[in-house]
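In the working numbering, the protein residues as written are 1 to 260.
What follows is a single structure, written as structure tokens, with notes after it.
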């Protein structure tokens, strides 16, 4: 049974149509124009603000409700909107863009006006398995510091991360305070290791239950999995890490240039 919206909620959503263009033109397909109008409306509203209802949009622009729903579905899938069953469609929090320059999670969040934080799940010395040994160019069985954290922005879970570093090179790292600071900054300040470059690969994944619980998202929600090898100035691997970001709060921004 569909929940009935309260009159106040209905008025709030329908009032959002006041600033919209009165009608569509004949210059381009209706769906394309409707998307442009919705994107402009989203840009003018704050996170949490309600959009006009499907009914209001369909009646205003003379399009089928299925057309309106399709555009709203697309914008929701892209993370610009979110839906609440029985209440309507709302503007989502803006996504955080991954910078092209090598920077830590802490630096990224502060640059975007968020307060970074971490929930440390594990910080211990383990023996390197085959994968970690290969990434760090060490022998299998080498002592490695493993750091497992949930990374937060303004207290909201944003990513799950595991980092691996040679224990011999970074003696005492397993006891360092990593709850609120940057691992990169700590390596540079306490161990004097510059971090000028990293090799990184990114794939889109469906977030599985273990990580969905940590990130407080539904199982199967899209995410970005980063695998990173950070190197010192000589090219020697310093850190291998995988980081799983929420797809609804994170995006990758690239600037590309054609070769001359």
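A virtual CB, placed ideally from N, CA and C, is assigned to each residue, including glycine.
As the structure is a computational prediction, the values presented were derived from the model and not from experiment.
Subject >> Close Cβ partners of residue 8 (< 7 Å) along its chain, the five nearest in sequence each way excluded >> reply: Confidence at residue 8 is low in this model, with a pLDDT of 48, below 50, so the placement of that residue should be treated as unreliable; the coordinate-derived value is given next. Closer than 7 Å at the Cβ level, and outside the excluded window around residue 8, lies no residue.
Subject >> Three-way DSSP call (helix, strand, coil) for residue 209 in this model >> reply: helix
Subject >> Any beta strand (DSSP E) of 3 or more consecutive residues that is wholly inside the stretch 146-212 >> reply: 156-166 and 197-206
Original post:
Between the stretch 194-214 and the stretch 127-146, do at least 3 Cβ pairs fall closer than 8 Å?
Top reply: no
**OP:** Taking 8 Å as the cut-off, decide whether the C-beta atoms of residue 55 and residue 158 are in contact.
**Re:** no
Original post:
Using the C-alpha atoms, what's the distance from residue 59 back to residue 119?
Top reply: 48 Å
**OP:** Identify which residue in 207, 155 and 226 has its Cα closest to the Cα of residue 248.
**Re:** 207
Original post:
Under a three-way DSSP split, which group does residue 61 fall into?
Top reply: helix
**OP:** Please look up how many angstroms separate the CB atoms of residue 144 and residue 125, rounded, as I've assumed it's under 8 Å.
**Re:** 7 Å
Original post:
Thinking C-alpha only, which one of 31, 106 and 204 is nearest residue 227?
Top reply: 204
**OP:** Using three-state DSSP, classify residue 131 as helix, strand or coil.
**Re:** helix
**OP:** Let me know the alpha helix (DSSP H) ranges lying completely inside the stretch 36-90, each 4 residues or longer, listed in chain order.
**Re:** 54-61 and 65-77
Original post:
What whole-angstrom Cβ distance do residue 24 and residue 33 have, given they're in contact under 8 Å?
Top reply: 5 Å
**OP:** Take residue 182 as the anchor and find which of 79, 46 and 105 has the nearest alpha-carbon.
**Re:** 105
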